[in-house]
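Trainee: Just so you know, we're using the numbering used here here: the sequence shown kicks off at 140 and counts up by one.
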Amino acid sequence: MAQVLTGHGPFAEYLCRFRLKEKPDCECESGVEQSIPHLLLECPIFASSRCDLEQMTGMSLSLQGLPDMLVCNRSHLEDFCQKITKRTAKFNESKAGAGTARRPAPTCQ
């Protein structure tokens, strides 16, 4: 869950910042950035899990309501975040060959 809350994890937007991926695109649609707000609130890949989370907790998922959900329904939120992290890690790892930016080899003098 820490990776989702901090944004420091296997997410395309984050990996792009460090030139570990060429594009920050989400698996759901080319041109849509795979950012934490997108994954938590908008990504259709996680729509069913998001709906389940909201039904189990009786709370709507929003960035503003995240602290309350964390306090009141931590285990359900952890499960949802784990699904996001596992799926994005697998997707971004499988795209490493095609979407990874290559750093130039250092030159020694």
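The beta-carbon is built from N, C-alpha and C at its ideal position, and this holds for glycine as well. If you're wondering where the values come from, they're calculated on a predicted model, not measured in any experiment.
Nearest to F185 by alpha carbon, out of F219, S233, Q203, D164?
Mentor: Comparing Cα positions, the closest option is F219.
Trainee: Quick test of the definition: if touching needs 3 or more C-beta pairs under 8 Å, does the segment 176-191 touch the segment 207-226?
Mentor: Flag = yes, the segment 176-191 and the segment 207-226 touch.
Trainee: Please say whether E193 and S199 have beta carbons closer to each other than 8 Å?
Mentor: A contact, by the Cβ cut-off of 8 Å.
Trainee: Should the segment 162-174 be regarded as contacting the segment 143-153, the criterion being three or more beta carbon pairs within less than 8 Å?
Mentor: Yes: at least three Cβ pairs fall under 8 Å.
Trainee: Should E166 be labelled buried (16 or more other beta-carbon atoms within 10 Å of its own) or exposed?
Mentor: That one is buried.
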